[in-house]
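A.B. asks: Chain order of the listed sequences is A and B. Note that the numbering used here gives residue 107 to position 102 of the first sequence, counting from 1, and the numbers run on in steps of one. Note that the numbering used here gives residue 114 to position 109 of the second sequence, counting from 1, and the numbers run on in steps of one.
There are 2 protein chains.
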Amino acid sequence: MSVKIAAMPSNRRAQPQAEKRAELISAARDLFVQDGYDPTPMNRIAQKAGVTPNTIYWYFKDKDELLLAVLDALLQEDMAAYDPVSQWPLADQMVWLVGRLRQTSTLMATVHSRIRVSPALNEWHDRFHALVEALLLAQLPGPLPPASRDAEIRIICFAIEGLVSHQIDPVTTRQTCEALAARCLVLAGR
Amino acid sequence: MSVKIAAMPSNRRAQPQAEKRAELISAARDLFVQDGYDPTPMNRIAQKAGVTPNTIYWYFKDKDELLLAVLDALLQEDMAAYDPVSQWPLADQMVWLVGRLRQTSTLMATVHSRIRVSPALNEWHDRFHALVEALLLAQLPGPLPPASRDAEIRIICFAIEGLVSHQIDPVTTRQTCEALAARCLVLAGR
DNA sequence: CAAACCTCTTAAACGGTATTCAAGAATGTG
DNA sequence: CACATTCTTGAATACCGTTTAAGAGGTTTG
Numbered sequence: 006m007s008v009k010i011a012a013m014p015s016n017r018r019a020q021p022q023a024e025k026r027a028e029l030i031s032a033a034r035d036l037f038v039q040d041g042y043d044p045t046p047m048n049r050i051a052q053k054a055g056v057t058p059n060t061i062y063w064y065f066k067d068k069d070e071l072l073l074a075v076l077d078a079l080l081q082e083d084m085a086a087y088d089p090v091s092q093w094p095l096a097d098q099m100v101w102l103v104g105r106l107r108q109t110s111t112l113m114a115t116v117h118s119r120i121r122v123s124p125a126l127n128e129w130h131d132r133f134h135a136l137v138e139a140l141l142l143a144q145l146p147g148p149l150p151p152a153s154r155d156a157e158i159r160i161i162c163f164a165i166e167g168l169v170s171h172q173i174d175p176v177t178t179r180q181t182c183e184a185l186a187a188r189c190l191v192l193a194g195r
Numbered sequence: 006m007s008v009k010i011a012a013m014p015s016n017r018r019a020q021p022q023a024e025k026r027a028e029l030i031s032a033a034r035d036l037f038v039q040d041g042y043d044p045t046p047m048n049r050i051a052q053k054a055g056v057t058p059n060t061i062y063w064y065f066k067d068k069d070e071l072l073l074a075v076l077d078a079l080l081q082e083d084m085a086a087y088d089p090v091s092q093w094p095l096a097d098q099m100v101w102l103v104g105r106l107r108q109t110s111t112l113m114a115t116v117h118s119r120i121r122v123s124p125a126l127n128e129w130h131d132r133f134h135a136l137v138e139a140l141l142l143a144q145l146p147g148p149l150p151p152a153s154r155d156a157e158i159r160i161i162c163f164a165i166e167g168l169v170s171h172q173i174d175p176v177t178t179r180q181t182c183e184a185l186a187a188r189c190l191v192l193a194g195r
């Protein structure tokens with residue numbers, strides 16, 4: 006308790022730090038999306054990134070924390086891709102979103118099944134839902150009565166989740182999205 | 006290739022067979038529902054049933070097959086409990102169903118996340134959805150145009166799944182179910 | 001320059017998992 | 001009593017996520 010009291014500045018090379026982390030996230034993302042979370046051993050992630058499994062644990066506390074980073078990366082990509090879509094008709098937006106999320110549907114199922122076991126994942130899931138609901142709220146036509154408005158948003162949100170996680174043919178998917186959008190119009194027109 | 010050609014009649018004790026199997030299913034059910042599928046080792050299931058882990062593998066091929074048997078048992082109970090409920094108003098039925106399924110919501114998430122990995126579980130899930138949709142179809146008020154009818158059933162089904170798997174307070178749950186039922190009335194009245 | 005230090009990497013080990021194997025006990029049949 | 005079938009088990013296998021202890025290699029400091 007003598008010498009090194011406040012002498013811990015963030016000194017060294019900072020670039021490789023972020024780069025390696027990004028490489029690990031990228032490798033994990035590919036494998037998680039393709040094979041699923043549970044079936045992908047840390048083994049293979051490390052191998053794909055050209056590293057020993059232990060190395061991952063210097064950058065991430067857990068396999069769960071790695072999953073969290075992957076989810077953040079995917080969400081960021083989705084948000085960027087959504088930007089131009091936000092001008093489309095509501096039903097088309099839903100169809101687009103379903104198709105987009107379907108590519109990572111296995112991870113969506115993983116998130117739901119790990120919510121009870123990982124508090125961090127639970128928080129991420131809550132933030133994700135809040136985000137989607139906010140986007141949906143901005144897209145609803147006209148002023149709706151707030152009581153039914155919230156219910157409507159929840160229904161749309163859950164329906165999208167259902168369409169994503171159960172593989173359903175494109176025609177049926179579109180019909181369902183049209184039905185959801187039509188309902189909002191009916192409510193707004195009243 | 007000489008002696009025992011066609012000498013394998015199904016002879017022995019048949020009662021203990023089914024009893025032991027039922028005990029294993031019961032033990033697994035309690036643990037799966039309480040702690041979840043993945044966090045429950047075959048270890049503990051065997052211990053709760055007063056058996057060695059290996060014994061389970063004489064009655065069930067897999068942990069997945071054991072899960073399947075548990076799901077069948079739960080479904081049977083739910084169906085029996087639903088019988089009187091089938092006379093209630095549609096919204097009340099939904100609220101009841103959500104509350105009922107919530108008790109096994111962790112298993113529902115497990116099923117969804119293991120669909121891609123276990124064909125048998127996938128089939129079970131398909132049958133389950135077909136069953137729920139058939140029940141819903143019988144409950145829809147009046148004759149609906151078949152195109153929107155199917156979409157409506159899907160939406161209700163997915164909304165119920167969403168209400169079950171995301172913990173949502175009772176008031177919000179009821180509001181959502183009322184909104185779903187109200188929509189059907191609007192469509193039928195038109 | 002050298003010593004101390006921090007960042008990063010690794011080989012090896014640990015505890016836990018589902019599942020399999022080989023052997024044996026229990027139980028009805030001839 | 002032999003015998004085959006049904007059931008049970010102790011031990012082993014293979015894999016997994018994670019930890020530990022040790023060490024390279026560059027950075028700072030005296």
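Glycine included, every Cβ here is placed at the ideal spot set by N, Cα and C.
1. Compute the Euclidean distance between the alpha carbons of B:Val90 and B:Met84, then round it to the nearest angstrom.
2. Can you confirm whether the region 118 to 138 of chain B touches the region 59 to 74 of chain B when touching is taken to mean that 3 or more C-beta pairs between the two stretches lie within less than 8 Å?
3. Measuring alpha carbon to alpha carbon, tell me which residue in A:Lys25, A:Arg49, A:Ala23 is nearest A:Asp35.
4. How many whole angstroms separate the CB atoms of A:Tyr64 and A:Lys25, which I take to be in contact at a CB cut-off of 8 Å?
5. B:Pro151 by DSSP, collapsed to three states: which one?
6. Run through chain A and tell me which residues come within less than 8 Å of B:Ser170, C-beta to C-beta.
7. Kindly indicate if chain A contains any beta-carbon less than 7 Å away from that of B:Ile30.
8. Would you say the region 91 to 104 of chain A touches the region 144 to 162 of chain A, given that touching needs at least three Cβ pairs under 8 Å?
9. Among B:Ala78, B:Ala139, B:Asp43, whose alpha-carbon lies nearest the alpha-carbon of B:Leu29?
10. From the beta carbon of A:Glu166, is the nearest beta carbon of chain B less than 7 Å away?
11. In three-state terms, what does DSSP make of B:Asn16?
12. With a threshold of 8 Å, are at least 3 pairs of Cβ atoms found where one atom belongs to the region 100 to 111 of chain A and the other to the region 149 to 159 of chain A?
13. Chain B beta carbons: is any one of them nearer than 7 Å to that of A:Gln180?
14. Between the C-alpha atoms of B:Ala27 and B:Val169, what's the straight-line distance to the nearest angstrom?
15. Using only the alpha-carbon positions, how far apart do B:Pro175 and B:Arg105 sit?
16. Output yes or no for whether 7 Å exceeds the beta carbon distance between A:Arg188 and A:Val100.
17. Excluding five sequence neighbours on each side, which residues of the same chain lie with their C-beta closer than 7 Å to the C-beta of A:Pro148?
18. A:Leu192 to B:Leu190, Cα distance in whole Å?
19. Threshold first: 4 residues or longer. Then list the alpha helix (DSSP H) segments lying entirely within the region 60 to 101 of chain A, N to C.
20. Taking 7 Å as the cut-off, decide whether the C-beta atoms of B:Phe163 and A:Gly167 are in contact.
21. With a threshold of 7 Å between beta carbons, is B:Thr111 in contact with chain A?
22. CA-CA distance, B:Thr177 and B:Trp129?
23. Quick one, are the C-beta atoms of B:Thr115 and A:Ser31 less than 7 Å apart?
24. So which residues of chain B does A:Glu157 contact, with C-beta pairs closer than 8 Å?
C.D. replies: On the basis of the data shown:
1. 10 Å
2. Contact between the region 59 to 74 of chain B and the region 118 to 138 of chain B is present, because at least three Cβ pairs lie under 8 Å.
3. A:Arg49
4. 7 Å
5. helix
6. Near B:Ser170 (Cβ distances below 8 Å), the residues of chain A are His117.
7. Answer no: the Cβ-Cβ gap between B:Ile30 and chain A never drops below 7 Å.
8. yes
9. B:Ala78
10. yes
11. Residue placement at B:Asn16 is flagged as unreliable, the pLDDT there being 49, under the threshold of 50; the coordinate-derived value follows with that caveat. Of the three classes helix, strand and coil, the one that applies to B:Asn16 here is coil, per DSSP.
12. Taking a cut-off of 8 Å on C-beta distances, the region 100 to 111 of chain A does not touch the region 149 to 159 of chain A, as fewer than three cross pairs fall below it.
13. yes
14. Taking the CA atoms as reference points, B:Ala27 sits about 27 Å from B:Val169.
15. B:Pro175 and B:Arg105 have their C-alpha atoms roughly 13 Å apart.
16. no
17. none
18. 13 Å
19. 68 to 90
20. Contact: yes.
21. Yes, because at least one Cβ of chain A sits closer than 7 Å to the Cβ of B:Thr111.
22. 30 Å
23. Against a cut-off of 7 Å, the Cβ pair of A:Ser31 and B:Thr115 comes out as no contact.
24. Ala184
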